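Student: FYI, in UniProt numbering the residues of the sequence shown are 1 to 228. Just passing along the structure, written as structure tokens.
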Amino acid sequence: MINAWPYRRKVDGAMYHPVSYVLRQGNLWELDALKDGPCILASCNEDNWLDFMQAELVKKAKMYQELDLPISIWAVIESRKLVYQKKVTSKLFMKQAIESMLDKHQPDWRKSCQRWEEEYVHALSSSERIKRGLLLSDRLAHHCSRSDQLPNEEKQKIYSSLSHNKQGSLIDTWLQIHDEILRLYEQLGLEDEKDEIYQKNYIRKRHNYIPFIESFIQALVEQGHFHS
């Protein structure tokens, strides 16, 4: 969803006129707070709706610029944490699917891959950022389906993509998935670090330091470092 805010309606002392653009049921909709209801701007899809929206925003921005009205644009996007978590869930399901296929057709395959599995487990525990991402993934599990609860459509896509692979190719894919899962856990850990830094900075900015500064200066004066 994209929000545009030309200044018309008064909020906290400023004037705002909120206009939102959303993709819904194959159409680009405009939600204008000063109109009676939503209106369809164009028929589009996930691949091209941003192009239609960009053209509309350019037209709107030009109009408001001619009226000397400032405009702010905001995009409402899905949490990066949830995006990465969904990818982790999909990769874990694919990993389990490959293991089931190999167990069925090549029961002793794990012997030749034991070293790689050990390296994967070691990588999960050796990087602080990856460990942080793994813990976050566990906490996010209730927001996203577990690997065994993926939508049937997504499961079928995974099975279809794997059905054309030979056994040797399946093992290569299995090894590649391990690397991808590790990178996703690392990305989750990085996002968690960013959130922690943001929260600390937010608390720091909200804190009122004036009483401390006044007390500190008064103490310096009393100790003779400053003249009152």
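All C-beta atoms in this analysis are idealised placements derived from N, C-alpha and C, irrespective of residue type, glycine included. Values in this document were obtained by computation on a predicted structure and should not be read as measured data.
Note down, in chain order, each residue of its chain lying with its Cβ closer than 8 Å to the Cβ of leucine 124, except the 5 sequence neighbours on either side.
Tutor: Hits under 8 Å: Ile130, Lys131, Leu134, Leu182 and Tyr185.
Student: For leucine 220 versus phenylalanine 226, is the C-beta distance shorter than 8 Å?
Tutor: In contact: leucine 220 and phenylalanine 226 (Cβ atoms closer than 8 Å).
Student: Can you look up lysine 51 in the DSSP assignment and give me helix, strand or coil?
Tutor: One point to set straight first is that residue 51 is aspartate, not lysine, in the sequence displayed. Helix.
Student: Three or more C-beta pairs under 8 Å: does that hold for the stretch 169 to 183 against the stretch 86 to 102?
Tutor: Flag = yes, the stretch 169 to 183 and the stretch 86 to 102 touch.
Student: Which of helix, strand or coil does DSSP assign to leucine 140?
Tutor: Three-state DSSP puts leucine 140 in a helix.
Student: Start and end of the alpha helix (DSSP H) containing alanine 97?
Tutor: Element bounds for alanine 97: 80 to 105.
Student: If you run the structure through DSSP and keep just helix, strand and coil, what is alanine 33?
Tutor: It is coil, neither helix nor strand.
Student: What whole-angstrom Cβ distance do glutamine 187 and tyrosine 120 have, given they're in contact under 8 Å?
Tutor: Glutamine 187 to tyrosine 120, Cβ: 17 Å. No contact.
Student: Going by DSSP, what residue range makes up the beta strand (DSSP E) through tyrosine 21?
Tutor: Run containing tyrosine 21: 19 to 24, per the beta strand (DSSP E) assignment.
Student: Excluding the 5 residues preceding and the 5 following phenylalanine 216 in the sequence, name in chain order all residues of the same chain whose CB lies nearer than 6 Å to its CB.
Tutor: So no residue of the chain qualifies.
Student: Do you know offhand how far asparagine 208's Cα is from glutamine 218's?
Tutor: Those two C-alpha atoms are separated by around 17 Å.
Student: Which of helix, strand or coil does DSSP assign to serine 72?
Tutor: Strand, per DSSP.
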